[in-house]
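Here the sequence shown stands for residues 16 to 146, where the numbers follow the numbering used here. Just so it is clear, CB atoms sit at the ideal spot from N, CA and C, and this is done for glycine as well.
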Amino acid sequence: EAHGGAVEVDGCARVFRRGRDYPGLAMSRCFGDGTVAVDGIVTHTASVMTFEKTEGKEYFLLLASDGVWTHMESHKSLRPVQRWWSNKTRKVPDLKRAVTDLVSDACRLWNNNGYYCDDITAMLVRLWPPK
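Structure below.
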């Protein structure tokens, strides 16, 4: 609110530009919307997975909003990541270019399905670089 926004609560808290009714950014969406949790549509319970890392392999974590996943299958999200990850001319994967390409691909898919493009956010984190 100190930066010109307004918070309104109508089922969930949304941030608007002061004096406007669009866009309304739902602040709880990425962690689960409390209004539909009662119906079992989303959950507030974390899913926890553990795995053993294999020496010499590289691992990454891809976090992305529903703007990425609405029109993109998870295995297709790996294409831009693999393209910039496995570039042999670089010693370090170009994470910025990989995630930029991923977001561009997601936006293109939205445009192919109509004029609207949902909010798209993605983050790629390198875990355990090989020794």
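Asked	Found
Consult DSSP for GLY71 and reduce its assignment to one of helix, strand or coil.	coil
LEU78 and VAL96: beta carbons closer than 8 Å?	no
Roughly how many angstroms lie between the CA atoms of ARG33 and VAL24, to the nearest whole one?	14 Å
Is GLY82 helix, strand or coil when you go by DSSP?	helix
With distances taken Cα to Cα, identify the nearest neighbour of LEU213 among TRP100, ASN128, CYS122, THR115.	Here the chain has residues from 16 to 146 only, and residue 213 is not among them.
How many Å lie between VAL80 and PRO108 at the Cα?	Looking at the sequence itself, residue 80 is Ser, so the reference to Val does not match. C-alpha separation (whole angstroms): 22 Å.
Looking at the unbroken beta strand (DSSP E) that takes in ALA21, where does it start and where does it end?	20 to 24
Opposite ALA137 in the DSSP bridges: which residues?	ALA79
Cα separation between ARG29 and ALA137?	20 Å
Closer than 8 Å is the cut-off here; do at least three beta carbon pairs connect the stretch 80 to 95 with the stretch 122 to 132?	yes
ASP133 CB to nearest chain C CB: under 8 Å?	Reference to chain C is not applicable here, since this structure consists of a single protein chain.
Quick one: what does DSSP say ARG33 is sitting in, helix, strand or coil?	coil
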